[in-house]
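Presented below is the structure to which this report refers.
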Amino acid sequence: MKILVLNAGSSSQKSCLYDLDGALPDIPPEPIWEASIDWTHHEGFAEIKVKPKHGKVLEEEIAATSRSEIITHMLETLWSGEDPVLKSPSEVDIIGHRVVHGGAEYRQSTIINDEVKEAIAKLAIFAPVHNPANLEGIIAAEKVFGNVPQVAVFDTAFHAHLAPAAYTYAIPTKYTEQGIRRYGFHGISHQYCRDRAASILNRKAEDLRLITCHLGNGCSLAAIRNGQSIDTTMGFTPLEGLVMGSRSGSIDAGILIHLLRQPDMDVEKLDRILNRESGLLGISGISADFRPVLKAIAEGNQQAQLAFDVYMHSLRSHIGSMLASLGGLDVLVFTAGVGENAPLVRERACAGFEFLGLKLDLDKNDQRLMDVDIAMPESLVRVLVIHTQEDWEIARECWHLK
Ligand code: ADP
Numbered sequence: 001m002k003i004l005v006l007n008a009g010s011s012s013q014k015s016c017l018y019d020l021d022g023a024l025p026d027i028p029p030e031p032i033w034e035a036s037i038d039w040t041h042h043e044g045f046a047e048i049k050v051k052p053k054h055g056k057v058l059e060e061e062i063a064a065t066s067r068s069e070i071i072t073h074m075l076e077t078l079w080s081g082e083d084p085v086l087k088s089p090s091e092v093d094i095i096g097h098r099v100v101h102g103g104a105e106y107r108q109s110t111i112i113n114d115e116v117k118e119a120i121a122k123l124a125i126f127a128p129v130h131n132p133a134n135l136e137g138i139i140a141a142e143k144v145f146g147n148v149p150q151v152a153v154f155d156t157a158f159h160a161h162l163a164p165a166a167y168t169y170a171i172p173t174k175y176t177e178q179g180i181r182r183y184g185f186h187g188i189s190h191q192y193c194r195d196r197a198a199s200i201l202n203r204k205a206e207d208l209r210l211i212t213c214h215l216g217n218g219c220s221l222a223a224i225r226n227g228q229s230i231d232t233t234m235g236f237t238p239l240e241g242l243v244m245g246s247r248s249g250s251i252d253a254g255i256l257i258h259l260l261r262q263p264d265m266d267v268e269k270l271d272r273i274l275n276r277e278s279g280l281l282g283i284s285g286i287s288a289d290f291r292p293v294l295k296a297i298a299e300g301n302q303q304a305q306l307a308f309d310v311y312m313h314s315l316r317s318h319i320g321s322m323l324a325s326l327g328g329l330d331v332l333v334f335t336a337g338v339g340e341n342a343p344l345v346r347e348r349a350c351a352g353f354e355f356l357g358l359k360l361d362l363d364k365n366d367q368r369l370m371d372v373d374i375a376m377p378e379s380l381v382r383v384l385v386i387h388t389q390e391d392w393e394i395a396r397e398c399w400h401l402k
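Going by UniProt numbering, the sequence shown opens with residue 1, and the numbers climb by one from there.
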């Protein structure tokens with residue numbers, strides 16, 4: 001079965017093609033074709049990169065006219081050019097799209113029809129940057145592949161089983177009735193980590209209490225019991241919860257009221273401050289990327305040290321909050337850019353939880369291994385580092401629906 005995955009973000013569009021033969025493999029296979037478009041790196045141009053499994057990497061820079069034409073151009077490299085992987089577009093069996101917001105209605109992956117497209121468009125009110133980009137990918141793929149079934153895999157769906165007590169904000173009902181509630185995000189990654197963790201430990205996911213820490217540019221935690229997310233740190237938007245690269249995470253809402261009363265403040269500016277100028281970048285003044293911040297700490301930069309300390313304080317206290325929701329912990333998972341590559345973050349995060357009987361193997365933690373258990377054999381909590389594979393999770397959802 002040939003499964004095409006499209007993963008559209010605000011600044012990039014990534015895509016890959018899996019070729020599955022027989023049963024669904026336990027370990028993610030390598031895609032036979034990968035491609036990406038970067039819309040923002042070079043203003044006025046789209047940078048396209050295409051990587052067939054066997055063949056040459058193609059890199060192109062073309063004038064950014066219509067986004068859908070550029071997506072079409074990227075998809076056409078599947079069966080045209082020097083190293084095509086297909087004879088024709090009709091060889092694709094199913095197409096999966098990452099869709100950021102599925103609202104309260106879409107609680108699982110869904111075959112896309114007109115009604116689903118309308119819902120994705122309507123939900124742009126909650127995800128104004130991402131849902132329109134996701135829809136653009138769906139429409140472009142529809143033009144190229146005609147009647148090939150397409151699936152929407154929602155980033156919110158994994159958190160659809162939160163109880164009202166976990167998803168309701170304590171504001172007047174008049175506002176919660178408008179759909180203002182906690183939705184949670186990164187669901188595709190948290191779900192992948194749940195299953196990969198179970199597979200690494202040779203256990204059933206339903207029998208484990210897990211906290212999955214997705215620490216990338218955006219950061220969120222999920223508390224997973226009986227296979228379901230019962231609590232998470234992101235909320236109505238991806239701004240809530242942990243301190244992130246450039247997002248503030250949870251702050252006293254009174255600060256927003258205070259700032260909005262200032263004469264030079266408006267909503268757009270506040271949005272920019274909280275989403276793009278805060279977090280590690282805001283405190284350190286150096287970068288939203290963890291690496292330069294760590295380098296500055298090594299050189300004795302005090303603000304960088306404070307940024308790290310605030311990040312860790314936020315991470316530990318939110319892990320504590322997830323722990324309270326779960327009532328215990330079997331597995332702690334670290335994933336995404338920071339979670340997979342920063343041993344110091346994992347070490348400091350675990351240091352607060354030794355009272356649970358959690359014992360990290362410091363040597364293993366430093367070895368930069370992937371998809372491994374880095375806890376001591378006697379530890380009462382397993383600690384895993386998992387390379388998240390959201391595209392593969394989207395492909396798996398397609399496989400189940402085909
Ligand atoms: P996104 O959330 O956009 O998918 P990633 O999961 O790729 O992002 O995470 C990106 C972040 O990972 C970078 O901003 C950087 O801070 C962090 N990162 C990557 N490699 C390292 C490393 N070796 N040490 C510390 N942080 C790293």
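Glycine included, every Cβ here is placed at the ideal spot set by N, Cα and C.
- Not a single heavy atom of ligand 1 lies less than 7 Å from the C-beta of LEU360.
- If you check the CB distance, ALA35 and THR65 do not come in under 8 Å.
- Runs of alpha helix (DSSP H) with 4 or more residues, each lying fully within the stretch 337-395, are found at 343-351, 362-366, listed in chain order.
- Contact between LYS204 and ALA198 holds: CB atoms are separated by about 6 Å, below the 8 Å threshold.
- By the neighbour-count criterion, in which 16 or more other beta carbons inside 10 Å mark a residue as buried, ASN113 falls on the exposed side.
- For ALA298, the distance from the CB to the nearest heavy atom of ligand 1 is not below 7 Å.
- Taking non-hydrogen atoms of ligand 1 into account, the C-beta of LEU294 is found less than 7 Å away from one of them.
- By the Cβ neighbour-count rule, HIS54 is exposed, with fewer than 16 other Cβ atoms within 10 Å of its own.
- The Cβ atoms of VAL153 and GLY96 lie closer than 8 Å to each other.
- Under the DSSP assignment, ASP19 falls in the beta strand (DSSP E) whose first and last residues are 12-19.
- Taking 8 Å as the cut-off, the beta carbon of GLY235 is found no closer than this to the beta carbon of TYR175.
- In the three-state reduction of the DSSP assignment, PRO25 falls in the coil class.
- Counting C-beta pairs with one atom in each stretch, the stretch 258-268 and the stretch 332-340 have fewer than three that are closer than 8 Å, which means they do not touch.
- With a cutoff of 8 Å on beta-carbon distance, ASN7 and GLU340 are scored as not near each other.
- The three-state secondary structure of GLU82, taken from DSSP, is coil.
- No heavy atom of ligand 1 is found nearer than 7 Å to the CB of ARG247.
- Three or more Cβ pairs drawn from the stretch 237-251 and the stretch 271-288 lie within less than 8 Å of each other, which places the two stretches in contact.
- In the assembly as shown, LEU135 is a buried residue. Its beta-carbon has 16 or more other beta-carbons within 10 Å.
- CA-CA distance, LEU384 to ASP373, rounds to 4 Å.
- In the three-state scheme derived from DSSP, where H, G and I count as helix and E and B as strand, THR156 is classed as coil.
- Assignment of LEU221 by DSSP, reduced to helix, strand and coil, places it in the strand class.
- A check of alpha carbon separations from ALA133 across ILE255, LEU86, LYS117 identifies LYS117 as the nearest.
- Only residues of its own chain outside the window of five on either side were considered, and among them GLY187, HIS190, GLN191, SER229 have a CB closer than 6 Å to the CB of PHE158, listed in chain order.
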